Amino acid sequence: MKARVIVTLKNGVLDPQGKAIEGALGGLGFGDIASVRQGKVFDVELTGSDKEAAKAELAQMCEKLLANTVIENYAIEID
Amino acid sequence: MKTAVIVFPGSNRDRDMFHALELITGTRPASVWHTETSLPDADLVIVPGGFSYGDYLRSGAIAARSPILKELVKKADQGVKVLGVCNGFQILTEAGLLPGALMRNAGLKFVCREIELETVNNATSFSNAYQKGQVWRCPTAHHDGNYFADAETLKSIEDNGQVVFRYANGTNPNGSINNIAGVTNAKGNVLGMMPHPENLIEDLNGGTDGRLLFESLLAQAA
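Protein chains in written order, with our numbering: chain A, 2 to 80; chain B, 871 to 1092.
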C-alpha cells in the first residue's frame, strides 16, 4: 500500500525559503504569484492492507518524527 | 562538578566543549556516545554543537530520537542540569525538552560571526555570574537558528522569565522572534542557546565572556 505524507508550515510561521523562491519566480517573469510556501513530501510504502490502521500509524509517524507540530501541519493520503 | 557530553555522528563542537569544561571545572567530562542507554552520574549534561545526522529531515530531529535522549529526558525530569548549544539547542527543542523550534535563518545564509548577548535573567543556574542586563560578546555559527514559538508559548516563556539571553544592539543574526538567543524549560534546569559560550573562555580565543556561563553552573554545584 502506498501512502503520501505532506508536511507544510503552519499559517503564521515565517517561511524564508518560500519567500526566496517566490522572489526567484518573480525574477523569471512569473508576475501573477501571490505567495509561495515550501513543504515536504514523504512517500511511504506499507506492507499491511488495512487502510484505517495504516492511516492511524502514519499519523503516529507524523506526530513522533515526520512533522514538528510546533511549526508544521501534516496531511496523509493513501491510494 | 561532574559533567558529561553527548556525542552524535556529525557533532563537531564536542571537543571545544570538552576543553572548556576541563579547563573551567578542572575535571575531564565523560564522553557519551548517542547509542548508549545510560548516562553517567553528572551534575551537568551537555548536548554540543554540530550537524548531527547531517541535519537530515530537520536540524536535530534524528538525534532527538536516539536512545540516549530517552535517558536525558529522565535525567532532566530529575532536575539534572542540561545545556544544549547550537545543534544541541535544536536537539533539545526537537526532543520536547524546550519550548519552540529553530527554523532556517531569516537571511537564508549560514552565519558565522560574533554577536552581542544581553543577560535578561540572571536568576538561573546558567546565568547567575552575569549581571542582569549585562551585554557580552559571543561567537555564533549556524544555519537554522531562527527561534520561533507561537503567541501563547511566547507569552508564557516571557512571563516565566525563561528567556535568559537576547541578541543585543541589533546583532540578531537569524531573525529570532523577540531577539531570543537562549531559553530554559519551565523548571529552569534545561537551557538551550544558539551562540557558543565555549568558544570564548580564554585569552587565546580573544576574550573570556563565555566563561561566566560555566562559572554560574560551577557556583551552583559548589
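The beta-carbon is built from N, C-alpha and C at its ideal position, and this holds for glycine as well. Computed from a prediction, not measured in an experiment: that's the story for all the values here.
Pull the bridge partners of residue i from the DSSP assignment, please.
i, result
"Y75 of chain A", "A:V8"
"D44 of chain A", "A:R5"
"P1009 of chain B", "B:E984"
"Y1037 of chain B", "B:L987"
"V952 of chain B", "B:V915 and B:V1060"
"E906 of chain B", "Paired residue(s): none; E906 of chain B is not in a bridge."
"S881 of chain B", "B:G920"
"F1018 of chain B", "B:A971"
"G1077 of chain B", "B:E1072"
Which residue comes first and which comes last in the beta strand (DSSP E) that contains residue i?
i, result
"M973 of chain B", "A971 to M973"
"T873 of chain B", "T873 to V877"
"T1054 of chain B", "I1050 to T1054"
"S901 of chain B", "A900 to W903"
"I916 of chain B", "L914 to V917"
Residue i CB to nearest chain A CB: under 7 Å?
i, result
"A976 of chain B", "yes"
"R928 of chain B", "yes"
"A971 of chain B", "yes"
Check whether the Cβ atoms of residue i and residue j sit closer than 7 Å, and answer yes or no.
i, j, result
"G958 of chain B", "Y923 of chain B", "no"
"V1034 of chain B", "N991 of chain B", "yes"
"K41 of chain A", "V14 of chain A", "no"
"L59 of chain A", "I77 of chain A", "yes"
"D1079 of chain B", "R974 of chain B", "no"
"S1086 of chain B", "N998 of chain B", "yes"
"K3 of chain A", "E46 of chain A", "yes"
"M24 of chain A", "R38 of chain A", "Checking the displayed sequence, the identity of residue 24 of chain A turns out to be Gly instead of Met. It is not a contact, given that the beta carbons lie outside the stated cut-off."
"M887 of chain B", "V902 of chain B", "no"
"Q960 of chain B", "L972 of chain B", "yes"
"N1039 of chain B", "E986 of chain B", "yes"
"I938 of chain B", "E988 of chain B", "no"
"I894 of chain B", "F1018 of chain B", "no"
"N1055 of chain B", "G949 of chain B", "no"
"E964 of chain B", "G1003 of chain B", "no"
"I1027 of chain B", "V1053 of chain B", "yes"
"F43 of chain A", "L66 of chain A", "no"
How is the alpha helix (DSSP H) around residue i delimited, first residue to last?
i, result
"K52 of chain A", "K52 to M62"
"A946 of chain B", "P937 to D947"
"N957 of chain B", "N957 to E964"
"I22 of chain A", "P17 to G28"
Taking C-beta pairs closer than 8 Å, name the residues in chain D that residue i reaches, listed in chain order.
i, result
"A931 of chain B", "Going by chain labels, chain D is absent from the structure shown, which instead holds the protein chains A and B."
Is there a Cβ of chain B sitting closer than 7 Å to that of residue i, yes or no?
i, result
"Q18 of chain A", "yes"
"I7 of chain A", "no"
"I22 of chain A", "no"
"I72 of chain A", "yes"
Going by the C-beta, is residue i closer than 6 Å to any heavy atom of the ligand ATP?
i, result
"S36 of chain A", "Here there are no bound small molecules, and the ligand ATP is not part of this structure."
inquiry  = Could you check whether the region 1012-1019 of chain B touches the region 1035-1054 of chain B, counting it as contact only if at least three pairs of C-beta atoms, one from each stretch, sit closer than 8 Å?
reply    = yes
ask   = Is the number of C-beta pairs between the region 913-933 of chain B and the region 942-952 of chain B that are closer than 8 Å three or more?
value = yes
inquiry  = Any contact between the region 978-988 of chain B and the region 1020-1027 of chain B? By contact I mean 3 or more CB pairs, one from each, below 8 Å.
reply    = no
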